[in-house]
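Here's the structure, in structure tokens; my notes come after.
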Amino acid sequence: MDRLVPVLLLVLVFLLLLGLMVIGWRGRRRSQQHLPAPDSRDLAALGEQRAAGPFDGVYVDTVLAEQPLERVVAHGLGQRATASVEVGEQGTWHIRRQGLAPLTVPSSALAEITTSPGMAGKFVGGDGLLVLRWRLGDQLLDTGLRLARRADHDLLLSRKEHA
Numbered sequence: 016m017d018r019l020v021p022v023l024l025l026v027l028v029f030l031l032l033l034g035l036m037v038i039g040w041r042g043r044r045r046s047q048q049h050l051p052a053p054d055s056r057d058l059a060a061l062g063e064q065r066a067a068g069p070f071d072g073v074y075v076d077t078v079l080a081e082q083p084l085e086r087v088v089a090h091g092l093g094q095r096a097t098a099s100v101e102v103g104e105q106g107t108w109h110i111r112r113q114g115l116a117p118l119t120v121p122s123s124a125l126a127e128i129t130t131s132p133g134m135a136g137k138f139v140g141g142d143g144l145l146v147l148r149w150r151l152g153d154q155l156l157d158t159g160l161r162l163a164r165r166a167d168h169d170l171l172l173s174r175k176e177h178a
């Protein structure tokens, strides 16, 4: 009986924190509802041939540009997933995310291809994440990818001359 009260208090604090997290997540979703749904068509549907890929990796998430901890939760963009990445001949990026809708970043929306040591959900140090900076509606976003092979990372990073 002496331990019951501290255990119940601990459970209550845990539930309170969990509730606050849910409230914060919903508030973030409401604040980002102005973002249009991203394109999900594959390269063939866009009339574009594949120039590179597919490359296996992890879709880390999408954050607001230059704000690596401000995850975009609208349209499932903030959810981590196993992914496959392809790049079209005209510079369009197509990311197939396991369990989520695919994400297509048209070359016209792509602002920059760079690297980062991490972002919300994944920190690897150095230049371990490949980051696509792109525009969705009027919002500039950063999408992080952690590719399975370093050679694939370097090859896709070299495509920044084409961005």
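Mapping of the sequence shown onto the working numbering: residues 16 to 178, in sequence order. Glycine included, each C-beta is placed from N, C-alpha and C at the ideal position.
Alpha carbon of residue i to alpha carbon of residue j, nearest angstrom
i	j	result
Ser114	Leu25	Inspection of the sequence shows that residue 114 is occupied by Gly rather than by Ser. So the two alpha carbons sit approximately 34 Å from each other.
Arg148	Arg164	21 Å
Thr130	Asp169	10 Å
Asp157	Trp40	19 Å
Asp71	Arg86	22 Å
Gly140	Phe29	31 Å
Pro51	Pro83	21 Å
Ala116	Gln94	11 Å
Val75	Arg161	7 Å
Arg208	Asp142	In the structure as shown, the chain begins at 16 and stops at 178. Residue 208 is therefore absent and cannot be evaluated.
Pro69	Leu19	55 Å
Ala66	Met36	42 Å
Selection from the options that minimises the alpha carbon distance to residue i
i	options	result
Gly159	Gln105, Ala52 and Glu81	Glu81
Gln64	Met134, Glu104 and Pro132	Glu104
Ala59	Leu19, His109 and Leu145	His109
Val100	Arg18, Phe138, Leu27 and Leu172	Leu172
Arg150	Ala135, Gly141, Phe138 and Ile128	Ile128
Met134	Arg112, Val73, Asp153 and Gly62	Val73
Strand pairing of residue i, partner residues [DSSP]
i	result
Val120	Trp108
Ile128	Leu147
Leu92	Bridge partners of Leu92: none, in fact.
Val139	According to DSSP, which records beta bridges pairwise, Val139 is partnered with nothing at all.
Meets three-Cβ-pair contact criterion under 8 Å: the stretch 40–50 and the stretch 120–129: Because the criterion of three Cβ pairs below 8 Å is not met, the stretch 40–50 and the stretch 120–129 do not touch.
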